[in-house]
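Numbering (UniProt numbering), first residue to last: 1 to 448.
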């Protein structure tokens with residue numbers, strides 16, 4: 001493909017030596033699409049497809065400066081042409097240009113239908129990037145920071161804990177994880193839900209349950225993973241959020257739901273400032289056993305990958321696979337991307353696993369040998385079930401204890417920060433940075 005400029009700046013497209021009959025004339029579409037640009041003090045335009053430079057010309061004619069325009073082109077030939085004719089608008093990366101902190105405005109002609117997909121992915125990536133920046137900057141201090149921020153929330157709203165003399169309820173409980181087999185069990189889970197059975201869902205499985213109009217009694221959040229913010233979207237107000245005191249504080253502070261810290265009693269005497277379990281599934285099963293004495297069932301606990309996918313329907317990873325699907329990039333290409341992992345191990349012709357998955361599997365078999373695994377994709381020592389029984393519903397509400405003064409715990413966090421052997425300063429020790437500077441910053445930022 002070639003682009004040639006004719007009279008009055010009309011551009012003709014030439015493909016394999018032949019000219020398209022009509023010149024490319026997007027002027028009316030540009031004026032119609034961009035006639036009401038947002039009024040901001042310091043705009044920065046991210047142009048998705050410049051329409052052979054016409055969009056850039058339009059912005060320049062409107063009085064905007066060239067340094068505030070950045071163009072990305074989806075087609076290699078258009079990108080080459082744009083670099084030659086409007087190269088000033090393609091210099092640097094988007095990240096380097098946005099560092100000026102101008103307010104970004106995304107522009108695309110309506111004919112660029114792929115722009116909406118691009119924008120959706122950008123919003124997801126931006127959310128994850130912000131979280132990753134926080135994790136990278138404070139990796140060695142992440143659990144300490146979450147501990148302090150989550151406890152500080154107690155003075156701002158009602159937060160609960162499990163009473164020390166809690167009496168478990170003698171009813172069965174269903175726990176859900178987000179493995180690919182969860183999708184095949186939704187009909188049985190819906191019947192359990194309709195019959196009044198309790199469901200305790202790992203947060204990542206909530207989007208899958210929501211796709212089948214299933215609302216869990218509670219969700220479990222244990223770690224600081226960036227995906228948790230995306231998994232929690234549209235969570236109903238009545239769902240109880242069972243969270244570790246070390247869970248993602250950015251997520252918990254944004255949730256209007258009732259929050260119960262399920263591990264605060266273990267951390268009150270001597271905070272560990274780290275997670276005690278390697279997986280949220282282990283925390284969910286521990287919590288289920290603590291709250292209920294009936295049979296425990298778990299769905300979606302695959303701890304492996306299949307050619308159908310790596311996660312259940314609706315999960316953010318599965319959603320990404322679906323959005324990337326196109327004629328040239330079928331969904332199967334993304335679904336089997338796990339085969340590129342260096343730690344992947346083939347279990348049989350249809351299932352792959354990893355050493356970390358097997359570690360979690362061994363822990364569950366050892367600690368929870370009586371838990372029933374629903375429709376697993378690999379053998380277990382635990383009892384196996386293909387469907388769920390009829391549940392025994394609980395008529396009365398399960399109550400929890402409102403947390404009181406957390407000042408002593410915050411004081412322990414401060415003392416921990418000041419001890420000489422703490423791992424909070426792991427990153428600083430490796431980089432030979434002064435601990436005092438970091439300590440003063442954290443104390444000023446979070447505890448003063």
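Ideal placement from N, C-alpha and C gives every residue a C-beta, glycine not left out.
Flag residue i as yes when its Cβ comes closer than 7 Å to any non-hydrogen atom of the ligand ADP, and as no otherwise.
| i | result |
| --- | --- |
| residue 345 | The model on display carries no ligand, and the ligand ADP is accordingly not part of it. |
Helix, strand or coil for residue i per DSSP?
| i | result |
| --- | --- |
| residue 246 | coil |
| residue 147 | helix |
| residue 76 | helix |
| residue 231 | helix |
| residue 388 | coil |
| residue 161 | strand |
| residue 401 | strand |
| residue 169 | strand |
| residue 411 | helix |
| residue 70 | strand |
| residue 345 | strand |
| residue 266 | helix |
| residue 200 | strand |
| residue 176 | strand |
| residue 377 | coil |
| residue 240 | strand |
| residue 406 | coil |
| residue 306 | strand |
| residue 56 | helix |
| residue 190 | helix |
| residue 34 | coil |
| residue 273 | coil |
| residue 437 | helix |
| residue 281 | helix |
| residue 65 | coil |
| residue 154 | helix |
Can you name the start and end residues of the alpha helix (DSSP H) that residue i belongs to?
| i | result |
| --- | --- |
| residue 217 | Segment: none, residue 217 is in no alpha helix (DSSP H) and carries neither H nor E. |
| residue 301 | Segment: none, residue 301 is in no alpha helix (DSSP H) and carries neither H nor E. |
| residue 361 | 355-367 |
| residue 43 | Residue 43 -> not in any alpha helix (DSSP H); beta strand (DSSP E) instead, spanning 43-48. |
| residue 419 | Counting along the chain, residue 419 falls outside any alpha helix (DSSP H), and DSSP gives it neither H nor E. |
| residue 211 | 206-211 |
Skipping 5 residues on each side, what residues in its chain have a beta carbon closer than 6 Å to that of residue i?
| i | result |
| --- | --- |
| residue 294 | 170, 171 and 172 |
| residue 143 | 246, 273 and 274 |
| residue 58 | 30 |
| residue 450 | The chain is shown only over 1 to 448; residue 450 falls outside these bounds and no answer can be derived. |
| residue 498 | There is simply no residue 498 to check, as the chain begins at 1 and stops at 448 in what is shown. |
| residue 212 | 186 and 190 |
| residue 196 | 393 |
| residue 386 | 375 |
| residue 34 | none |
| residue 215 | 236 |
| residue 198 | 173 and 217 |
Which whole-angstrom value describes the C-beta separation of residue i and residue j, a residue pair presumed to lie in contact below a C-beta threshold of 8 Å?
| i | j | result |
| --- | --- | --- |
| residue 240 | residue 260 | 6 Å |
| residue 279 | residue 360 | 5 Å |
| residue 283 | residue 220 | 6 Å |
| residue 189 | residue 400 | Not confirmed; about 25 Å, so no contact. |
| residue 183 | residue 208 | 7 Å |
| residue 364 | residue 285 | 7 Å |
| residue 304 | residue 205 | With 8 Å as the limit, residue 304 and residue 205 do not qualify as a contact, their Cβ atoms being about 16 Å apart. |
| residue 343 | residue 354 | 5 Å |
| residue 103 | residue 42 | 6 Å |
In terms of residue numbering, what span does the beta strand (DSSP E) encompassing residue i cover?
| i | result |
| --- | --- |
| residue 103 | 103-107 |
| residue 372 | 372-374 |
| residue 261 | 259-261 |
In chain order, what residues of the same chain lie with their CB nearer than 7 Å to the CB of residue i, ignoring the 5 residues before and after it?
| i | result |
| --- | --- |
| residue 55 | 30, 47 and 107 |
| residue 38 | 105 |
| residue 79 | 73 |
| residue 203 | 219, 220, 221, 228, 231 and 232 |
| residue 69 | 45, 47, 56, 59 and 89 |
Below 8 Å CB to CB, which residues in the same chain sit around residue i once its five sequence neighbours on both sides are set aside?
| i | result |
| --- | --- |
| residue 443 | 414 and 417 |
| residue 287 | 200, 220, 242 and 262 |
| residue 136 | Reliability fails at residue 136, whose pLDDT of 49 lies under 50, so the model's placement of it is uncertain and no value is given. |
| residue 368 | 285, 289, 296 and 382 |
| residue 22 | The predicted position of residue 22 is uncertain, since its pLDDT is 48 and thus under 50; no value can be drawn from it. |
Quiz item: On the three-pair Cβ rule with 8 Å, is the segment 252-265 touching the segment 165-183?
Solution: no
Quiz prompt | Inter-stretch contact (C-beta, 8 Å, three-pair minimum) for the segment 231-245 and the segment 360-375 | solution = no
Quiz prompt | Stretch-stretch touch, CB-based, cutoff 8 Å, three pairs: the segment 143-152 with the segment 343-353 | solution = no
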